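Engineer: Heads up, my numbering is the position in the sequence shown plus 138, with the first residue counted as 1.
Cβ coordinates follow ideal geometry from the N, Cα and C atoms, glycine included.
As the structure is a prediction and not an experimental result, all values here were calculated from the model.
Attaching a single structure in structure tokens format; questions to follow.
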Amino acid sequence: MTQARRQPVAISIPDRRDAALTLGPALLVFAFGFLSPLVNLAIESLKEFTPGRVGSVENAAATVQNYYELANQAFASVLLTTFWIGGAAAIIGQLVAFPLAYFIVRRISPRMRALTLGFLITLVLSSVLIKTYAIELTFGAVGVFRPLLLTLGLSPNSREYINIVVIAGLVHSIIPVATLTLIGAMQSIDPRLLDAAQSLGAPGWKAHLSITLPLSFPALISSALVSLTFAISAFVIPMVLGRGRVLFMSNVIYTRFSDIANYPSGAAISLVMLAVALAVVAVITFAQAWKVSR
């Protein structure tokens, strides 16, 4: 006997009206709060800039010169610095947050877990400026990590030393967010799976690699994407810890808008940065979806 073919469910007019009333305010906020500024950026990026003025003049000529100016080595260097430092911080953050999330879920009491979650939330909500200067002091002249880096042969004025300090500042802000993201995935994993694997003779480390890691992999990718997005868009951390030698795209955008008042160039850089970030996130997301579907 063949199964009856499902008929499409018709949505009544009242249901459509209710859906429109429900989604309408959210869509309006999204349109005016997100899409409208992007449209203004796109329009501004296609205007000609006159030196000595603030922004573009009224009825300025349309041009794509603002985008052509980005095809140079200096811009590519800043873009590469932003993504490699941000990517390194995101990876290190996951390496720390993953075992930390497992320890919070499986190794401490419910009461201590609640206190730990409150502490992590406090770290997320605390001022980025305070955390940044805490890292500055930690790696500064009287910092506890300064002798270690000096032992490794890194001069405090070297580019490598500054890169490490910037990465440390980013990791310091990433770990609480990544840990909170991974805790939910850890709680959904049945601990009896690990017990069963170990009862069959698998070592603890192998049981984690074959059970805990695969089951939490989607959450790990999501946490890494959130961490990468935060890292590449950071402004205060590279500005303070970079000492003017490590520039992120956010710092360049700020300079174009604030110091030079070249709004068309700043708008073009903003859109290019947004497009590159979305492309990276899309590639990682599609790669994960393709792996899951196989």
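In chain order, what residues of the same chain have a beta carbon less than 7 Å from the beta carbon of Gln325, not counting five sequence neighbours either side?
Structural biologist: Val243
Engineer: Only counting the same chain, and skipping five residues up and downstream in sequence, which positions put a Cβ closer than 6 Å to that of Arg383?
Structural biologist: Ile300
Engineer: Contact defined as beta carbons within less than 8 Å: I believe Ser403 pairs with Asn204. What is the distance between those atoms, to the nearest angstrom?
Structural biologist: 5 Å
Engineer: Check the C-beta distance from Ile375 over to Thr270 and give it rounded, since I have them as a contact under 8 Å.
Structural biologist: 5 Å
Engineer: Would Ala415 and Ile313 qualify as a contact pair, given that the criterion is a beta-carbon distance under 8 Å?
Structural biologist: no
Engineer: Could you check whether Ala200 and Leu184 sit closer than 8 Å to each other, using their CB atoms as the reference points?
Structural biologist: yes
Engineer: Spell out a yes or no on whether the segment 275–290 and the segment 326–333 are touching, meaning 3 or more CB-CB pairs, one atom from each, closer than 8 Å.
Structural biologist: no
Engineer: Helix or strand or just coil, what does DSSP make of Phe355?
Structural biologist: helix
Engineer: List, from N- to C-terminal side, the alpha helix (DSSP H) runs of 4 residues or more that fit wholly inside the segment 229–293.
Structural biologist: 248–263, 266–276 and 284–289
Engineer: Rounded to the nearest angstrom, what separates Gln232 and Glu182 at their Cα positions?
Structural biologist: 38 Å
Engineer: Which residue marks the beginning of the alpha helix (DSSP H) containing Thr319, and which one marks its end?
Structural biologist: DSSP places Thr319 in the uninterrupted alpha helix (DSSP H) bounded by Arg297 to Gln325.
Engineer: Return helix, strand or coil for Phe187, following the three-state DSSP convention.
Structural biologist: If DSSP states are grouped into helix, strand and coil, Phe187 belongs with the strands.
Engineer: What is the residue span of the alpha helix (DSSP H) that Gly342 lies within?
Structural biologist: Gly342 to Ala345
Engineer: So, is Thr140 buried or exposed, given that buried needs 16 or more other C-beta atoms within 10 angstroms?
Structural biologist: Because Thr140 carries a pLDDT of 46, less than 50, the predicted location of this residue cannot be relied on, and the following value inherits that uncertainty. Exposed, by the Cβ-count rule.
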